[in-house]
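Before any comments, here is the structure.
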Amino acid sequence: MAELKPPILEVKNLSQHFTTGRGKKRLAVKAVDDVSFEVYTQETFGLVGESGCGKTTTGRTIIRLYDPTAGQVLFDGWDISRPMNKKLRRFLSDNIAMIFQDPIESLNPRMTIEEIVGEGLFVRGEQDKAKVRKLVYETLDLVGLTQEHATRYPHEFSGGQRQRVGIARAIIVKPKLIIADEPVSALDVSIQAQVINLLNDLKQELGLTILFVAHNLSVVKYFSDRIGVMYYGKMVEIANAADLYENPLHPYTRALLSAIPEPNPRYSISGNRVDYDPARDHDYSAEQPSMREVLPNHFVYCSQGEYERFKLKVSL
Amino acid sequence: MIYDKDKLPIEIRNLPDEDFALVASDNIKDEKLHTKPIGFYKDALVRLSKNRVTMFSFGVIVLVILLALIVPSLTGYTYTEQNVSRKNLPPKIQGLEKLGIADGTRLLVNRKKDSLTDANRYPEGSVIEITREFDANGVAMVDVVIDYYKYSNVPDGTYYWLGTDYLGRDLCTRLFWGARISLLIAFFSVILNVIIGVIYGSIAGYYGGNVDYVLTHFAEILDGLPYIVVTILFMILLGSGMLSIILALTVTGWIGTSRLIRAQFYRFKGREYVLAARTLGVPDRQLIFRHILPNTIGPLITRAMIAIPGAIFSESFLAYIGLGIKPPSPSIGVLLSNGQSVLLQYPYQTIAPAVLISVLMISFNLFANGLRDALDPTRRGEE
Numbered sequence: 102m103a104e105l106k107p108p109i110l111e112v113k114n115l116s117q118h119f120t121t122g123r124g125k126k127r128l129a130v131k132a133v134d135d136v137s138f139e140v141y142t143q144e145t146f147g148l149v150g151e152s153g154c155g156k157t158t159t160g161r162t163i164i165r166l167y168d169p170t171a172g173q174v175l176f177d178g179w180d181i182s183r184p185m186n187k188k189l190r191r192f193l194s195d196n197i198a199m200i201f202q203d204p205i206e207s208l209n210p211r212m213t214i215e216e217i218v219g220e221g222l223f224v225r226g227e228q229d230k231a232k233v234r235k236l237v238y239e240t241l242d243l244v245g246l247t248q249e250h251a252t253r254y255p256h257e258f259s260g261g262q263r264q265r266v267g268i269a270r271a272i273i274v275k276p277k278l279i280i281a282d283e284p285v286s287a288l289d290v291s292i293q294a295q296v297i298n299l300l301n302d303l304k305q306e307l308g309l310t311i312l313f314v315a316h317n318l319s320v321v322k323y324f325s326d327r328i329g330v331m332y333y334g335k336m337v338e339i340a341n342a343a344d345l346y347e348n349p350l351h352p353y354t355r356a357l358l359s360a361i362p363e364p365n366p367r368y369s370i371s372g373n374r375v376d377y378d379p380a381r382d383h384d385y386s387a388e389q390p391s392m393r394e395v396l397p398n399h400f401v402y403c404s405q406g407e408y409e410r411f412k413l414k415v416s417l
Numbered sequence: 006m007i008y009d010k011d012k013l014p015i016e017i018r019n020l021p022d023e024d025f026a027l028v029a030s031d032n033i034k035d036e037k038l039h040t041k042p043i044g045f046y047k048d049a050l051v052r053l054s055k056n057r058v059t060m061f062s063f064g065v066i067v068l069v070i071l072l073a074l075i076v077p078s079l080t081g082y083t084y085t086e087q088n089v090s091r092k093n094l095p096p097k098i099q100g101l102e103k104l105g106i107a108d109g110t111r112l113l114v115n116r117k118k119d120s121l122t123d124a125n126r127y128p129e130g131s132v133i134e135i136t137r138e139f140d141a142n143g144v145a146m147v148d149v150v151i152d153y154y155k156y157s158n159v160p161d162g163t164y165y166w167l168g169t170d171y172l173g174r175d176l177c178t179r180l181f182w183g184a185r186i187s188l189l190i191a192f193f194s195v196i197l198n199v200i201i202g203v204i205y206g207s208i209a210g211y212y213g214g215n216v217d218y219v220l221t222h223f224a225e226i227l228d229g230l231p232y233i234v235v236t237i238l239f240m241i242l243l244g245s246g247m248l249s250i251i252l253a254l255t256v257t258g259w260i261g262t263s264r265l266i267r268a269q270f271y272r273f274k275g276r277e278y279v280l281a282a283r284t285l286g287v288p289d290r291q292l293i294f295r296h297i298l299p300n301t302i303g304p305l306i307t308r309a310m311i312a313i314p315g316a317i318f319s320e321s322f323l324a325y326i327g328l329g330i331k332p333p334s335p336s337i338g339v340l341l342s343n344g345q346s347v348l349l350q351y352p353y354q355t356i357a358p359a360v361l362i363s364v365l366m367i368s369f370n371l372f373a374n375g376l377r378d379a380l381d382p383t384r385r386g387e388e
């Protein structure tokens, strides 16, 4: 089981605040607020939540596209949230790669596929062009593209193909962890399956760990071993995938899961939707909420009172 | 399961799993593309060549440049050669003279009729036609068309294609020599502007924040300086000449380019492919020059092409108000300035440079428009 392996990524109390304005007009947006979770070696950790809840920001902060406001991120025991320097950038780019959401946006329109995919190698100081070309061809082959595609420009490809180029770019540097930032949300359903299956195959083949950021719950369930649910910059529930879908405890998770469409009109009409209103569903005036382990490996962000209610509920 | 089997309609509730098979195979293998690969610049070139107006204006620009290179050595005069006895001659061109255009004639008005017979003033054959005879206070007056070349005692077979100026210098030579100088000033000042603007704008746009704040405000302050004053200071410092004009056009000229580049950097630095390159560990310098700057090439070239006629015009303006290059070197502006003082007597001295500068400016603008369309990646693939 994945749980037995040591964590490869530990996120501890990570916060990412964005500020605008100066002086009195200063405004801080808490995109990610005190988030902690662990990702174990060779598992897929799904990060879900509605738009704007901070899941993408979490991913980007881990790979240091943003400098974290507070908290610590450990990768393989290394602190990767410390001030940036060349060594750290190198360590990060050697070990963590990212796949982006928009397959059109994420490929430079002025570069050929070979340049795009091979760039990571050249940045690493690889001089031998023939060697890079060979590796690029191999990687393209791995994602189902042909050698002939290498000389083409991104605009000549379909969305699914471009996303696979993005995957090739990420895996060519042989990272340990891939942060997949909604890699399929811009693709149509048939292509989504293709890309997800490809990621799954590559994960097995290369022994990858994947942090999968998405808002499509069906895809996340299919793909992830464990899932973290985020709401307004907070992590509200972390559990094994099956556990989470069977026993959603946090009211927000329940609301989120009830929104999954079912291929059954009667179900939709019956009004099984749950809505979530933090002011109504929680009373945090007496006691502050925190992450509590309700079931083994099933954490919920709740107060002591809620914790006892959840305990009671799962024991029934 | 997400799907509760009991909620499904009865007829599909009990379908055995074995009845289902995957439609697509697990292995994805794409086919080759059957079209030829086409690069960005090649694509731009193809679309550029399809635009007739652009190609025409490009042709005109090339023609003017060629003329500026060739004509001064074809006329047989130099731009400094003075001959006071041949001053203000009208245009005379071989071949065309027989058609009545550019035949070296001029209409003189209000002449005493008696003087026409004076061979000293009107040499043999110089009077071509008397267009009007009238009486002014008892004196017989005439308006007369004369062959100005014979009138000025210029030997037969001498041709000044665009006439001569008040010092008897060949205007054709001076015009194209002037075009040469104007174009040189324009090209050099634009190249300088682009280099400075690109570097400045890239730094401001890429790093943003306080760096951007300081750089942008410095540019704003510089932009506030009246450039006539700056030009005059340069003239005092370096003397009037090409260098001081180029520098004067550069002092504030680069600010527009830097703003453009800065805006482009703001637009592109947050793009996912730039982020992707950053996650791969691509250093800043490479991000700027390989990932962001190529995207600004389109607007940059367009802007530079529009700036060229702007620079020609600025140079002409400076020359016109007397801040031009050192005489006897001509520039289009100098010629216009000289021509306008005798505009009513000798209009041809103004018309030729005015036509040339107009043609140049229109051509550069049309060409820049076409280039912008061709280099715009959003219009790729349009026929």
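Just so you know, the sequences run in chain order S and B. For the first sequence, the working numbering begins at 102 and goes up steadily by one. For the second sequence, the working numbering begins at 6 and goes up steadily by one. Glycine included, every Cβ here is placed at the ideal spot set by N, Cα and C.
Excluding residues up to 5 positions away in sequence, S90, P128 lie with their Cβ nearer than 8 Å to the Cβ of B:N158 in the same chain.
B:G286 is a Cβ neighbour of S:R190, given a cutoff of 7 Å.
Neighbours of B:A379 across chain S, judged by C-beta separation under 7 Å, do not exist; the nearest C-beta is about 15 Å away.
No Cβ-Cβ contact shorter than 7 Å links B:T59 with B:F369.
At least one beta carbon of chain S lies nearer than 7 Å to the beta carbon of B:P299. Taking C-beta atoms as the reference points, B:K155 and B:G130 count as a pair closer than 7 Å. Beta-bridge annotation (DSSP): S:C403 is paired with S:S391.
Contact with chain S is found for B:L280, since one of that chain's Cβ atoms lies less than 7 Å from the residue's Cβ. Nearest CB-CB separation between S:T145 and chain B: not below the 7 Å threshold. For S:G150, no CB of chain B lies under 7 Å from its own CB, so it is not counted at the interface with that chain. For B:K41, there is no enclosing alpha helix (DSSP H), as DSSP marks it with neither H nor E. Residue contact with chain B for S:F201: present (Cβ-Cβ distance below 7 Å to some residue of chain B).
By the Cβ neighbour-count rule, B:Y82 is buried, with 16 or more other Cβ atoms within 10 Å of its own.
Residues of chain B whose Cβ lies closer than 8 Å to the Cβ of S:Q262 are, in chain order, D35. At least one C-beta of chain S is nearer than 7 Å to the C-beta of B:L285.
For S:R381, there are no C-beta contacts with chain B under 7 Å, since the nearest C-beta of that chain is about 26 Å from it. For B:L38, the chain S residues whose Cβ falls inside 8 Å of its Cβ are E249, H250, R253, E257, in order along the chain. Taking a 10 Å sphere around the C-beta of S:W179, we find fewer than 16 other C-beta atoms and assign the residue as exposed. What S:L166 touches in chain B, judged by beta-carbon distance under 9 Å, is L280, R283, T284, going in chain order. Ranked by Cα distance from B:L94, the first of B:V149, B:V147, B:L167, B:N56 is B:L167. S:G260 is positioned such that its CB atom lies no closer than 7 Å to that of S:Q295.
For B:T169, the secondary structure class from DSSP, reduced to helix, strand or coil, is strand.
Setting aside the 5 residues that flank it on each side, B:R377 is surrounded in the same chain by T307, each with a C-beta closer than 6 Å to its C-beta; the list follows chain order.
Straight-line measurement puts the Cα of S:V130 at about 8 Å from the Cα of S:T121.
When only Cα atoms are considered, B:S194 and B:M310 end up about 12 Å apart. Around S:S325, the same chain offers T145, F146, G147, F313, A342 as residues with beta carbons nearer than 7 Å, after the five sequence neighbours per side are excluded. Listed by position along chain B, the residues whose Cβ is nearer than 8 Å to that of S:A198 are T284, L285. 7 Å or more divides the Cβ of S:T247 from the Cβ of B:K41.
Listed by position along chain B, the residues whose Cβ is nearer than 7 Å to that of S:S207 are E277, Y278, A281. When secondary structure is reduced to three states using DSSP, B:G213 falls in the coil class, being assigned neither helix nor strand. Contact between S:R393 and S:V401 is confirmed by a C-beta separation of about 6 Å, below the 8 Å threshold.
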